[in-house]
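In my numbering, the protein residues as written are 184 to 548.
Glycine residues also receive a C-beta, built at the ideal position from the N, C-alpha and C atoms.
Just below is one structure, and these are the notes that go with it.
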Amino acid sequence: MSTILTTVLVVSAITVVFAALLTLADRYIADYGEVELIINDEKEYTVEGGNSLLDTLRNEEVFIPSACGGKGTCGYCKVKVDSGGGPVLATEKPMLTKDELASDIRLSCQIKVKEDIKIEIPEELFNVKEYTTTLVEKRPLTDRITLFRFELPEGETIDFKPGQYVQLKAPEYEGSDEEVFRAYSIASSIKDDRHIELLIGYTGGICTTYCHKFLEEGDKVDINGPYGDFYYHDEDSEIIMGAAGTGFAPIRSILHHMLDNDIQRTAKFYFGARTPEDLFLLDEIKMFEEKLKDFTFIPTLSRTTPEMNWEGDTGHVDDSLHKYMEKDKDYSAYLCGSPRMIESIVKALNEEGVGNEKIYFDDFG
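Shown next, in the form of structure tokens:
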């Protein structure tokens with residue numbers, strides 16, 4: 184037994200030393216020097232080689248969305264690489280479709296900048312900025328969800344569409360030795376361009392632990408954005424909103440937009456939760472119901488007991504949709520939640536005659 188243990192320890196030690204040597208060699212021996220980064224055939228940067236493309240872009244204040252801290256597991260940081268990206272890595276392939284691979288789409292977090300490189304990104308990403316904000320309010324809403332209100336530096340504003348998201352940076356803290364960025368939908372009104380409100384649920388992850396357990400009012404927090412193609416569209420159809428948990432956030436921003444602009448569209452908000460204790464911001468919802476032209480909030484609970492005396496809908500959001508929707512009526516839908524939830528709601532909407540072209544969603548799986 185002792186021989187096996189000794190062997191395991193020796194092999195582990197050799198592995199650690201070898202990994203350290205590779206890291207040092209890559210950092211100090213593989214000196215790639217300065218290389219040229221060209222974006223959209225018009226913007227040119229001279230950068231130091233050796234970093235990932237994602238980090239290189241961030242150093243030049245060009246921000247690409249990434250929710251996994253550069254581990255290649257979220258698939259958000261896609262760019263088109265025209266030249267200089269090297270071969271597609273095995274770590275990229277699970278996140279890229281056949282069409283994307285054929286179109287030279289790559290994960291910027293997995294590409295190391297070793298030579299001159301040409302890429303293409305959406306023009307709107309040049310409008311993304313990074314802000315060093317101050318946390319001015321931290322308000323628990325349920326046992327797991329907290330509202331965080333951040334104030335931008337004096338003289339700075341943020342221009343976003345209702346429904347979009349930002350990325351928040353969690354620095355190193357006790358129990359975490361890495362900086363990570365995580366994506367959170369903006370929950371506030373676009374009229375208040377000096378503040379950003381986020382609804383963050385505690386999951387035990389690096390960023391949610393930082394926000395819930397370490398971040399305090401008065402602390403400085405780096406946030407960049409806005410990002411995303413999920414946002415309010417100015418149409419005439421009746422609106423269906425569907426969400427659960429922190430998926431409430433972009434719907435809240437859209438509701439504020441409708442109120443701020445006196446938008447006269449009928450809207451129903453189907454919110455999925457487990458128990459009455461998982462419902463929150465009910466006073467605000469009541470305000471929307473009173474002030475918007477025709478807005479109805481329909482909470483649907485999945486884990487009720489007789490002791491709760493719940494008189495509302497039970498089951499899941501798709502059950503309530505089938506209950507209240509008029510088949511083949513002109514609807515637009517805005518959905519935010521887990522991929523599984525989105526899938527079930529889209530299926531229900533399709534069954535009631537709503538085409539995919541009128542369904543806008545943001546899944547945070």
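| query | result |
| --- | --- |
| Contact under 9 Å by Cβ, residue 234 with residue 311 | no |
| Residue 407 burial status per 10 Å Cβ neighbour count (16 or more: buried) | buried |
| CB-CB length for residue 350 against residue 327, believed under 8 Å | Not confirmed; about 21 Å, so no contact. |
| Neighbourhood of residue 378 by C-beta, 8 Å cutoff - its chain only, sequence neighbours within 5 removed | 319, 332, 333, 334, 335, 371 |
| Extent of the continuous alpha helix (DSSP H) run through residue 500 | 500-507 |
| DSSP three-state assignment for residue 191, whether helix, strand or coil | Since pLDDT at residue 191 reaches only 44, below the 50 mark, its modelled position is unreliable, and the value read off the structure follows with that caveat. Residue 191 falls in the helix class under three-state DSSP. |
| Residue 509 versus residue 289 - alpha carbon distance | 43 Å |
| Check whether residue 302 and residue 222 have beta carbons under 9 Å apart | yes |
| Counted within 10 angstroms of its Cβ, other Cβ atoms place residue 285 as buried (16 or more) or exposed | exposed |
| Closest by C-alpha distance to residue 277, when choosing among 256, 264, 267 | 256 |
| Residue 453 (DSSP reduced to helix, strand or coil) | strand |
| Enclosing alpha helix (DSSP H) for residue 524 [first to last residue] | 522-534 |
| Rounded straight-line distance, which links the Cα of residue 391 to that of residue 315 | 18 Å |
| Residue 521 versus residue 383: straight-line alpha-carbon distance, rounded | 14 Å |
| Residue span of the alpha helix (DSSP H) that contains residue 486, given as start and end | Note, residue 486: premise wrong, no alpha helix (DSSP H); not H, not E. |
| In chain order, each beta strand (DSSP E) run of at least 3 residues that lies wholly inside the segment 224-273 | 226-231, 261-266 |
| Beta carbon of residue 421 nearer than 9 Å to that of residue 451 | yes |
| Reduced DSSP secondary structure (H/G/I, E/B, other) of residue 343 | coil |
| Nearest-angstrom Cα separation, counted from residue 416 out to residue 265 | 33 Å |
| Residue 325 vs residue 463 beta-carbon contact at 9 Å | yes |
| N- and C-terminal bounds of the alpha helix (DSSP H) containing residue 432 | 431-443 |
| Distance CB(residue 496)-CB(residue 483) smaller than 9 Å | yes |
| Cβ pair residue 455, residue 404 closer than 9 Å | no |
| Among 546, 524, 513, the one whose alpha carbon lies nearest that of residue 536 | 513 |
| Distance, residue 263 Cα to residue 304 Cα | 7 Å |
| Whole-angstrom distance between residue 428 and residue 204, CA atom to CA atom | Low per-residue confidence applies at residue 204: pLDDT is 49, beneath 50, and the placement is therefore not dependable, though the value from the model is reported in the following sentence. Going by the C-alpha atoms only, they are around 45 Å apart. |
| Beta-carbon separation (whole angstroms), residue 220 vs residue 291, contact threshold 8 Å | That belief does not hold up - the Cβ atoms of residue 220 and residue 291 are roughly 11 Å apart, past 8 Å. |
| Buried versus exposed, by CB contacts within 10 Å (16 or more), residue 435 | buried |
| Rounded straight-line distance, which links the Cα of residue 388 to that of residue 237 | 22 Å |
| Alpha helix (DSSP H) segment containing residue 333, residue limits | It is not in any alpha helix (DSSP H) - residue 333 instead sits in the beta strand (DSSP E) that spans 328-334. |
| Spatially closest choice to residue 280 from 299, 258, 267, by CA coordinates | 258 |
| Residue burial classification, residue 275 (beta-carbon count within 10 angstroms, cutoff 16) | buried |
| Limits of the unbroken alpha helix (DSSP H) element including residue 446 | Where residue 446 is concerned, there is no enclosing alpha helix (DSSP H), given that its DSSP letter is neither H nor E. |
| Same chain only: Cβ atoms within 7 Å of residue 268, ignoring 5 sequence neighbours per side | 289, 294, 300 |
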